[in-house]
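Remarks on the structure that follows.
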Amino acid sequence: DGGITQSPKYLFRKEGQNVTLSCEQNLNHDAMYWYRQDPGQGLRLIYYSQIVNDFQKGDIAEGYSVSREKKESFPLTVTSAQKNPTAFYLCASSIQGRNNQPQHFGDGTRLSIL
Amino acid sequence: AQSVTQLGSHVSVSEGALVLLRCNYSSSVPPYLFWYVQYPNQGLQLLLKYTTGATLVKGINGFEAEFKKSETSFHLTKPSAHMSDAAEYFCAVSESGNQFYFGTGTSLTVIP
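Residue numbers (my numbering), protein chains in the order written: chain A, 11 to 124; chain B, 21 to 132.
And the structure:
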């Protein structure tokens with residue numbers, strides 16, 4: 011079955027450490043997204059990519075970085091510059107150029123500080 | 021940019037009672053509208069969507085929503101709540117460029 015796989019499900023970060031969250035999709039979607047979810051705040055967009063080797067900042071990109079070297083993969087790095095990284099991170103994908111189509115989501119990665 | 025307002029961050033209903041979750045959006049053009057459900061520690065799952073055509077949209081698990089342009093609303097309803105409906109529900113609006121805008125969510129509790 012096609013879908014989005016996020017790994018790991020749980021991740022712990024030490025002070026000053028960069029960590030990378032994985033997101034892989036086999037839906038053949040061009041567009042991919044990273045969201046941060048905090049209680050009571052809904053989903054906030056971190057980065058999105060509409061095509062390989064191109065990505066744009068979302069509303070809360072500071073302290074995060076991404077790459078899009080392959081269509082299927084859109085990893086997110088939470089850098090040490092992100093002072094409050096504890097959150098639930100969701101990756102999504104959609105068909106590019108078709109905003110009447112829904113976004114499909116992975117099952118998320120929960121990041122905590124040690 | 022779009023904005024999405026979900027009235028009521030927490031809603032409680034008795035099992036078997038009507039579920040009504042409210043969503044209002046701001047848009048100067050006809051929007052595309054979506055409802056998602058999220059169970060604990062999981063991603064979002066699409067319940068239903070409105071793009072064009074019939075304003076009453078039926079989704080999975082017995083949910084439906086009605087697009088009312090005059091009220092800029094897209095409220096989610098289910099005639100009879102089930103214990104398994106307890107979850108977080110998100111309304112979303114999309115516009116050009118594949119941008120999605122999500123509401124802050126409504127947590128539904130079903131009381132046995």
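Don't be surprised by glycine CBs; every beta carbon is placed ideally from N, CA and C.
- Item | Residue from Asn38(A), Tyr58(A), Thr15(A) and Pro18(A) whose Cα sits closest to the Cα of Arg78(A) | Tyr58(A)
- Query: Do you know offhand how far Phe115(A)'s Cα is from Phe110(B)'s?
  - Reply: 13 Å
- Item | For Tyr99(A): DSSP bridge partner residues | Arg46(A) and Thr119(A)
- Measure from the alpha carbon of Phe22(A) to the alpha carbon of each residue in Ile105(A), Phe98(A) and Gln35(A), then state which is nearest. Phe98(A)
- List the endpoints of the continuous beta strand (DSSP E) containing Tyr20(A). Tyr20 to Arg23
- Message: Can you pull out the residues from the segment 121-132 of chain B whose beta carbon lies closer than 7 Å to at least one beta carbon of chain A?
- Response: Phe122, Gly123, Thr124 and Gly125
- Item | For Glu91(B), three-class secondary structure by DSSP | helix
- Pull up the DSSP beta-bridge partners for Gln66(A), would you. Tyr58(A)
- Under the DSSP definition of a beta bridge, which residues are partnered with Asn44(B)? Thr25(B) and Ser93(B)
- Answer with buried or exposed for Pro95(A), where buried requires no fewer than 16 other C-beta atoms within 10 angstroms of its C-beta. buried
- Taking Ala107(B) as part of the beta strand (DSSP E), name the residues at either end of that continuous run. Ala107 to Glu115
- Can you check whether the CB of Ala85(B) is closer than 7 Å to the CB of Leu96(B)? yes
- Message: Are the CB atoms of Gln35(A) and Gly118(A) within a distance shorter than 7 Å?
- Response: no
- Item | DSSP-derived helix/strand/coil call for Ile105(A) | coil
- Message: Here's the rule I'm using: 16 or more other beta-carbon atoms within 10 Å means buried, otherwise exposed. How should Gln51(A) be labelled?
- Response: exposed
- Item | Beta-bridge pairing of Ser104(B) - partner residues as DSSP gives them | Partner(s): none; Ser104(B) has no beta bridge.
- Message: I'd like the list of long-range same chain contacts for Glu82(A), defined as Cβ closer than 8 Å, with 5 residues on each side in sequence excluded.
- Response: Glu34, Gln35 and Asn36
- Mind the definition here: the segment 119-132 of chain B touches the segment 77-84 of chain B only if three or more C-beta pairs lie below 8 Å; say whether that holds. no
- Query: Measuring CB to CB, does Ala14(B) end up less than 7 Å from Val57(B)?
  - Reply: Residue numbering for chain B in the displayed model covers 21 to 132; residue 14(B) lies beyond these limits and cannot be assessed.
- Per-residue contacts from Glu115(B) into chain A (C-beta, under 9 Å): Asn109
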